[in-house]
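Participant: Straight run, no breaks: the sequence shown in our numbering ends on number 103.
Note that CB positions come from ideal geometry on N, CA and C, so glycine has one too.
Values in this document were obtained by computation on a predicted structure and should not be read as measured data.
For reference, the structure I am asking about is given below.
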Amino acid sequence: PAEPAADFPEGWTLKTIPRSTGGKYDQRWYSSSGLTFNTKKGAKSFQEFVEEGHDDATAYKLYEEKEKKAKEERKVKREEAQKKKKQAESEVV
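Structural data, given as structure tokens:
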């Protein structure tokens, strides 16, 4: 069952869902308009766009763009770290 989501405006809910493998749980945040978020950080990011005055559709698009950019930045950092590691390994040999 859903419960009110703490730290969110009225109408937001949180569901805690047990994994089929047992032992662990996933959480899902649901906006008052029914949008689903897998992380609290993502839900908060969306909510910030709403609070800036954007309607839900625009806020969600901005949220998705922000998430995509963050994912690309993480990929670049990971690739740079791998490159540095390979260079360090080749210098040792």
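How would you write the range of the alpha helix (DSSP H) that ASP66 sits in, first residue to last?
Facilitator: 66 to 102
Participant: Could you check whether the segment 46 to 59 touches the segment 12 to 24, counting it as contact only if at least three pairs of C-beta atoms, one from each stretch, sit closer than 8 Å?
Facilitator: yes
Participant: Mind listing, in chain order, the continuous alpha helix (DSSP H) runs of no fewer than 4 residues lying wholly within the segment 31 to 61?
Facilitator: 50 to 61
Participant: Under the rule that 16 or more other beta-carbon atoms within 10 Å means buried, what is VAL60, buried or exposed?
Facilitator: Burial check for VAL60: the Cβ neighbour count within 10 Å reaches 16 or more, so the residue is buried.
Participant: Quick check: what's the CA-CA separation for GLU13 versus GLN97?
Facilitator: Note on geometry: alpha-carbon atoms of GLU13 and GLN97 lie some 51 Å from one another.
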